[in-house]
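Asker: Next up is a structure, given as structure tokens.
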């Protein structure tokens with residue numbers, strides 16, 4: 062498993078309109094109960110990581126801190142993106158599974174199984 066496999070799947074998710082990006086958009090989607098997985102870039106501020114971790118914990122959504130904003134944005138055809146939210150359960154599961162095999166369990170903060 063390579064990081065490019067995950068980035069490709071994120072691009073497919075964007076084309077299928079099953080992904081929201083940007084802090085405000087992701088937060089709105091979380092409130093609307095449409096997000097099944099949150100990805101926060103490693104180069105996000107500690108406040109951003111903590112904010113989305115807290116939101117996710119309160120709503121039982123898995124959070125992954127992975128990648129950098131430039132690569133995440135590029136993978137979905139946009140500028141830098143620090144936060145992504147997957148809105149399709151099966152795509153979220155597949156991305157989560159791939160990230161888990163790349164990073165190991167310790168790097169993924171999971172509050173509930175997808």
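In the numbering used here, the protein residues as written are 62 to 175. Virtual Cβ for every residue (Gly too), placed ideally from N, Cα, C. Here the structure is a predicted model, which means the values were calculated and not measured.
Under the assumption that residue 114 contacts residue 124 (Cβ atoms under 8 Å), give the Cβ distance between them as a whole number of angstroms.
Answerer: Indeed, because the Cβ distance is near 5 Å, the residues count as touching under 8 Å.
Asker: Please name the residue or residues paired with residue 87 in a DSSP beta bridge.
Answerer: Residue 87 pairs with nothing; no bridge assigned.
Asker: So, for residue 146: in the same chain, excluding its five sequence neighbours on each side, which residues have a beta-carbon less than 6 Å away from its beta-carbon?
Answerer: Answer for residue 146: 81, 87, 90, 96 and 99, listed in chain order.
Asker: What residue range is occupied by the uninterrupted beta strand (DSSP E) comprising residue 99?
Answerer: Start and end: 98-101.
Asker: Leaving out five residues on either side along the sequence, give the residues of the same chain with a beta carbon under 7 Å from the beta carbon of residue 143.
Answerer: Excluding residues within five positions, the ones whose Cβ falls inside 7 Å are 84, 101, 102, 105, 109 and 130.
Asker: For residue 139, which residues from the same chain have a beta carbon less than 7 Å from its beta carbon, with the 5 sequence-adjacent residues on both sides left out?
Answerer: Within the same chain, residue 139 has close Cβ partners 82.
Asker: How many Å lie between residue 120 and residue 141 at the Cα?
Answerer: Distance between the alpha carbons of residue 120 and residue 141 is about 26 Å.
Asker: For residue 137, which residues in the same chain have their Cβ closer than 7 Å to its Cβ, ignoring the five residues on either side in sequence?
Answerer: Only 71, 72, 75, 80 and 82 meet the Cβ criterion.
Asker: Here's the rule: buried if 16 or more other CB atoms are within 10 angstroms of the residue's CB, otherwise exposed. What is residue 117?
Answerer: Under this definition residue 117 is a buried residue.
Asker: Where do the ends of the alpha helix (DSSP H) carrying residue 119 lie?
Answerer: Unbroken alpha helix (DSSP H) run through residue 119: 107-120.
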